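Peer 1:
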Amino acid sequence: MQTKFNQRVIEIENLSFAYDKEFVLEKINLIVDNRDFLVLIGPNGGGKSTLVKLILGINPIQSGSVKILNKPLHNSLSQIGYVPQNTNVNTNFPIKAIEVVMMGHHTHKRAIFGYKKEETEHAMHVLRQVGMEEFADKKIGSLSGGQRQRVMIARALCANPKILLLDEPTSSIDADGQKQIYELLRELNKKITVIVVSHDLSVVLQYATKVAHINKKLAFHDLSSVKKEFEMSSDTHVCEVELLQMLGKCKC
Amino acid sequence: MLEALSYEFIQNAVIAGILVSLISGIIGSLVVVNRMVFLAGGIAHAAYGGIGIAIFTGIPIFLGTTIFAVFAALIMAFVTIKQRENIDTFIGLIWAVGMAIGIILVDLTPGYNVDLMSYLFGSILAVTREDLYFMAALFVVIIFVMTFWYRDILAVSYDSEYASLSGINVKFFYTLILILSALTVVIAIKVVGLILVIALLTIPIYIAQNLSSSLYSMMLISGFIASLFTIVGLWLSYSFDLTSGATIILVSALSLMLFMIVQKIR
Chain A
1483 MQTKFNQRVI EIENLSFAYD KEFVLEKINL IVDNRDFLVL IGPNGGGKST
1533 LVKLILGINP IQSGSVKILN KPLHNSLSQI GYVPQNTNVN TNFPIKAIEV
1583 VMMGHHTHKR AIFGYKKEET EHAMHVLRQV GMEEFADKKI GSLSGGQRQR
1633 VMIARALCAN PKILLLDEPT SSIDADGQKQ IYELLRELNK KITVIVVSHD
1683 LSVVLQYATK VAHINKKLAF HDLSSVKKEF EMSSDTHVCE VELLQMLGKC
1733 KC
Chain B
358 MLEALSYEFI QNAVIAGILV SLISGIIGSL VVVNRMVFLA GGIAHAAYGG
408 IGIAIFTGIP IFLGTTIFAV FAALIMAFVT IKQRENIDTF IGLIWAVGMA
458 IGIILVDLTP GYNVDLMSYL FGSILAVTRE DLYFMAALFV VIIFVMTFWY
508 RDILAVSYDS EYASLSGINV KFFYTLILIL SALTVVIAIK VVGLILVIAL
558 LTIPIYIAQN LSSSLYSMML ISGFIASLFT IVGLWLSYSF DLTSGATIIL
608 VSALSLMLFM IVQKIR
């Protein structure tokens, strides 16, 4: 076995970040293990997006450290498959699903014109993984929100990342589509680490193994205990506000 | 029309029309998908400053316009990359200032009597052999750039944030697209004039966008449609003695209306 089960894929230590003088993140510590399904929650403006940008290396690190797969952060898109928020922009753009997926390739030797055969094959392979194979030649604008999000996930998977990071992946998708996306993520989670930024707790908690609540500071929870507590305290309905309060307060 | 083709100036006009149409099919597609239509309009009008400078200093007009348009494109690129909020204002500014410079310089040129209208509305029948070489060279350069950097340009146009994350130099390609637009504008001025350039860069592209599922097919279809419009417009303008640029644009606009009606009915 090449990877220890509990190998750390992301290690964040004492990370602080400020735009101007206002601290957005303060002394964040977070360890993500291999094959975690981590959900980052927190209020708007609480620093979720900032943390994502720091992990991806978009924002410079001001203090503290971020290690990805035991190495200090550099351009990390080859290790982290990233699915950005808002896939509804530019839907009229003339581009096929498979072309979107192939944006995810990180090869230095490229064909002079168009795409190499291996690249096309690999793109088809990841499209199959997300169940979108038959839509490969469809214009991206003709797909539904959920289908488009699957294509974006395929693009992120194209470079065979160890970690998949999704920013609000279901924000503009209907309930059925949301469920399908999370089922897909659960399936992918069998092989790789999944990190989801979300505010939609009720859905996400069924799938998450760990939750980090971010509001300038970070509170971390291993869900195995929290879930039990909830199953005892409520029969069917989980009130998100209560849950959020609880997750935000306690420091595990 | 056929006997007209024996005149050299008509031959030049037809070749120029097709070359410019193919080029504006490619570059117009990029301009439209990158939502730079207003930017390209700004460059087209600012280019008049180049015409003024050329007339005033006596350098060849093509050269003056080219240099000035590229210069305007670089300013546009610089401003729009730096200053995301007030883009419209700055584009409008460059648009107006370029034209003003042109008009003042033409005023200051003694004994000036070049036909201003030909720059505003095009003078395709006055295309020279040198103009054709310039157009052909630009066409080759654009084909070369598109072949070599198609993937990067596609990535930057579709999702610039992701493209920049995956290590593509977004600013470089953004600037490149603007410079190519400037060069396209310069040659399109010859055919349809600077006021009508934007129509050539958008009408065929709009139709093509609805017919294509990828960027390169959009470019090819745009080029083909634009060529068709140009040839038909040219033929009408020759037959009825009308201004060629305006005729080409009206042919395009009428076809667009027809296309939209057909689309509605379907």
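First to last, the protein sequences are chains A and B. With positions in the first sequence counted from 1, the corresponding number in our numbering is that position plus 1482. With positions in the second sequence counted from 1, the corresponding number in our numbering is that position plus 357. Ideal placement from N, C-alpha and C gives every residue a C-beta, glycine not left out. Since this is a predicted model, take the numbers as computed values, not measurements.
Quick test of your reading: A1479 of chain A and L1625 of chain A, contact by CB under 8 Å. State the CB separation rounded to the nearest angstrom.
Peer 2: Limits of chain A in this structure are 1483 at one end and 1734 at the other, which puts residue 1479 of chain A out of reach.
Peer 1: Taking Cβ-Cβ distances shorter than 7 Å, what residues in chain B pair up with F1575 of chain A?
Peer 2: Result: V390 and Y515.
Peer 1: List the residues of chain A that A583 of chain B touches, going by C-beta distances under 7 Å, in chain order.
Peer 2: By Cβ distance, chain A contributes nothing, its closest Cβ being about 16 Å from A583 of chain B, past 7 Å.
Peer 1: Please report whether the beta-carbon of Y364 of chain B lies at a distance below 8 Å from any beta-carbon of chain A.
Peer 2: Not an interface residue.
Peer 1: Contact criterion: CB-CB distance below 8 Å. Does S1715 of chain A meet it with respect to chain B?
Peer 2: The predicted model places S1715 of chain A with a pLDDT of 49, which falls under 50 and marks its position as unreliable; any figure quoted below should be read in that light. Chain B, which has no Cβ nearer than 8 Å to the Cβ of S1715 of chain A, makes this no.
Peer 1: L362 of chain B lies in the alpha helix (DSSP H); which residues open and close that run?
Peer 2: From DSSP, L362 of chain B is part of no alpha helix (DSSP H); its letter is neither H nor E.
Peer 1: Residues in its own chain within less than 8 Å of A556 of chain B by CB, not counting five upstream and five downstream?
Peer 2: Hits under 8 Å: V549, I606, S609 and A610.
Peer 1: What are the residues of the segment 549-582 of chain B that lie near chain A, defined by any Cβ-Cβ distance shorter than 8 Å?
Peer 2: Taking 8 Å as the Cβ-Cβ cut-off against chain A, the residues of the segment 549-582 of chain B that qualify are Q566, S569, S570, S571, L572, S574 and M575.
Peer 1: Alpha carbons only, please: which of B:G385, B:S594, B:G580 and B:I372 is nearest the one belonging to E487 of chain B?
Peer 2: Checking every option, the nearest Cα to that of E487 of chain B belongs to B:I372.
Peer 1: Measure the alpha-carbon distance for E1739 of chain A versus L495 of chain B and round it to whole angstroms.
Peer 2: The first residue shown for chain A is 1483 and the last is 1734, placing residue 1739 of chain A beyond what the model contains.
Peer 1: Can you tell which of B:G374, B:I510, B:I424 and B:T532 has the C-alpha that lies nearest to the C-alpha of I408 of chain B?
Peer 2: The residue with the shortest Cα to Cα distance from I408 of chain B is B:I424.
Peer 1: For L511 of chain B, return the contacting residues in chain A, with the cut-off set at a CB-CB distance below 8 Å.
Peer 2: Residues of chain A passing the Cβ test: I1577, E1581 and M1585.
Peer 1: Counting only beta-carbon atoms, is L522 of chain B nearer than 8 Å to chain A?
Peer 2: At least one chain A Cβ lies under 8 Å of L522 of chain B.
Peer 1: Would you please state the rounded distance, in angstroms, between the beta carbons of G1628 of chain A and T1573 of chain A? I believe it to be under 8 Å.
Peer 2: About 14 Å separates the two Cβ atoms, so there is no contact after all.
Peer 1: Take G1546 of chain A and list the residues in its own chain whose beta-carbon comes closer than 8 Å to its own, dropping the five residues that flank it on each side.
Peer 2: Excluding residues within five positions, the ones whose Cβ falls inside 8 Å are I1494, E1495, N1496, L1497, S1498, K1509 and I1510.
Peer 1: E319 of chain B versus chain A: which residues are under 7 Å apart at the beta carbon?
Peer 2: Since the displayed chain B opens at 358 and closes at 623, residue 319 of chain B lies outside it and no answer follows.
Peer 1: Given 8 Å as the limit, is there contact between the segment 508-516 of chain B and the segment 360-379 of chain B, that is, 3 or more CB pairs closer than that?
Peer 2: Taking 8 Å as the limit for Cβ pairs, the verdict is that the segment 360-379 of chain B does not touch the segment 508-516 of chain B.
Peer 1: Per DSSP, which residues does G524 of chain B bridge with? Please list them.
Peer 2: DSSP, once it has assigned bridges, lists no residue as partnering G524 of chain B.
Peer 1: Considering only DSSP beta bridges, list what Y1564 of chain A is partnered with.
Peer 2: Answer is A:L1647.
Peer 1: So the candidates are B:I412, B:S571 and B:P561; which of them puts its Cα closest to the Cα of L615 of chain B?
Peer 2: Of the listed residues, the one whose Cα sits closest to L615 of chain B is B:P561.
Peer 1: How many whole angstroms separate the CB atoms of R1632 of chain A and V1608 of chain A, which I take to be in contact at a CB cut-off of 8 Å?
Peer 2: At roughly 10 Å, the Cβ-Cβ gap does not stay under 8 Å, so R1632 of chain A and V1608 of chain A are not in contact.
Peer 1: So the candidates are B:L593, B:A565, B:F491 and B:S523; which of them puts its Cα closest to the Cα of L540 of chain B?
Peer 2: Checking every option, the nearest Cα to that of L540 of chain B belongs to B:F491.
Peer 1: What are the start and end residues of the beta strand (DSSP E) that includes D1658 of chain A?
Peer 2: It is not in any beta strand (DSSP E) - D1658 of chain A instead sits in the alpha helix (DSSP H) that spans A1657 to L1670.
Peer 1: Could you check whether the Cβ of L1538 of chain A sits closer than 8 Å to any Cβ belonging to chain B?
Peer 2: True, the Cβ-Cβ gap to chain B drops below 8 Å.
Peer 1: With 7 Å as the C-beta to C-beta threshold (strictly closer), list the residues of the segment 1631-1663 of chain A near chain D in chain order.
Peer 2: Within the model displayed, chain D is absent; protein chains A and B are what it includes.
Peer 1: Should F505 of chain B be labelled buried (16 or more other beta-carbon atoms within 10 Å of its own) or exposed?
Peer 2: Classification for F505 of chain B: exposed.
Peer 1: Apart from the five residues just before and just after F413 of chain B, which ones in its own chain have a Cβ nearer than 8 Å to its Cβ?
Peer 2: So the list reads L462, V463, L465 and T466, once near-sequence residues are dropped.
Peer 1: Distance check for F586 of chain B and G455 of chain B, CA to CA, integer angstroms please.
Peer 2: Between G455 of chain B and F586 of chain B, the C-alpha separation is close to 29 Å.
Peer 1: Looking only at its chain, what residues have a beta carbon closer than 6 Å to the beta carbon of S1715 of chain A, apart from the 5 residues adjacent to it on each side?
Peer 2: Because S1715 of chain A sits at a pLDDT of 49, beneath the cut-off of 50, its placement in the model cannot be relied upon, and the following sentence gives the value as read from the coordinates. Cβ within range, chain order: n/a, list empty.
Peer 1: Check the DSSP bridge columns for L1522 of chain A and list the partner residues they point to.
Peer 2: Answer is A:V1679 and A:A1694, bridged to L1522 of chain A.
Peer 1: How big is the Cα-Cα spacing for I552 of chain B and S521 of chain B?
Peer 2: Roughly 35 Å between the two C-alpha positions.
Peer 1: Just the chain B side, please: which residues come within less than 7 Å of K1621 of chain A by C-beta, in chain order?
Peer 2: Ordered by position in chain B, the residues that pass the 7 Å Cβ test against K1621 of chain A are S570.
Peer 1: Using the beta-carbon count (16 or more within 10 Å), is Q1673 of chain A buried or exposed?
Peer 2: Residue identity differs from the one stated: residue 1673 of chain A is Lys in this sequence, not Gln. Exposed is the call here.
Peer 1: So, is the C-beta of H1588 of chain A closer than 8 Å to a C-beta in chain B?
Peer 2: Interface residue, yes.
Peer 1: Which ranges does the alpha helix (DSSP H) cover as unbroken runs of at least 4 residues, wholly within the segment 1600-1653 of chain A, from first to last along the chain?
Peer 2: Here the runs fully enclosed are 1627-1639.
Peer 1: Does the structure place the segment 429-436 of chain B close enough to the segment 397-406 of chain B that three or more beta carbon pairs sit under 8 Å?
Peer 2: Flag = yes, the segment 397-406 of chain B and the segment 429-436 of chain B touch.
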